[in-house]
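*Asks:* So that we are looking at the same thing, I have put the structure below in structure tokens.
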Amino acid sequence: MQDGTDELQDGTDELMVRARDGDGAAWARLVERYSGMLWAIARGHGLNDADAGDVVQTTWLRLVEGMDGLRVPAAVGGWLATTARHESASVACRRARDVPAEPAPAAAADRGPAEVTIAREHLGQVAAALQALPRRCQMLLRLVAQAACYAELAAALQIPLGSVGPTRARCLATLRRLIG
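So for the sequence shown, the working numbering puts the first residue at 710; every next one is plus one.
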């Protein structure tokens, strides 16, 4: 596909109008045309077969729900791709939250007084260093501690998904320098 006119020429616009009007054959043709792309997007997010299948089904459901609001029916391919990416990121985030956390370090009761004192001093150093960071880094690192995935961080911070990792790395490097 070289430009937007190709989708108009390949009948996508007509298929969307017919599917919106209840034509089952048109709907089946849309599913046939775009399902492979949706599966590729979901699998590209590292989802297993079951989760990828859920993403594909949910994406089609979103189209059914929003079909009347689609301003440019011929652009359904892009709409489906964007929706599948968002759904895949959501599922990947939920799955990351479901992974059991590492066991907690030994409780304070299991440590001697010297170890507890050292741990508290270190915690105080980290807290002071966090306060010295720029506000954006403070917010990002707090969200990292709460959020399970970069998609949520990017949305919360209103930055591109690809910027989350490098920004996080810079903030952590600054934090390490401040802690000494």
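C-beta: ideal position from N, C-alpha, C; glycine also.
#1: Along the chain, where does the alpha helix (DSSP H) that runs through PRO843 open and close?
#2: Considering only the alpha carbon of each residue, which of GLY871, ALA854, LEU850, ARG851 lies closest to ALA860?
#3: Within 10 angstroms of its Cβ, does ILE750 collect 16 or more other Cβ (buried), or is it exposed?
#4: ALA737 and ARG727 look like a contact to me (Cβ under 8 Å); what is the Cβ gap, rounded to whole Å?
#5: Taking the alpha-carbon positions, what's the VAL764 to GLY745 distance?
#6: Rounded to whole angstroms, what is the Cα-Cα separation between ALA798 and ALA838?
#7: Do three or more CB pairs link the segment 781-788 to the segment 752-760 at distances below 8 Å?
*Replies:* Quick look at the numbers:
#1: First-last for PRO843: undefined, no H or E at that position.
#2: With distances taken between Cα atoms, ALA860 lies closest to GLY871.
#3: Burial call: buried.
#4: Contact between ALA737 and ARG727 does not hold, since the beta-carbon distance rounds to 11 Å and is not under 8 Å.
#5: One C-alpha to the other measures close to 12 Å.
#6: Approximately 32 Å between the Cα atoms of the pair.
#7: The segment 781-788, when compared against the segment 752-760, does not touch it at the 8 Å Cβ threshold.
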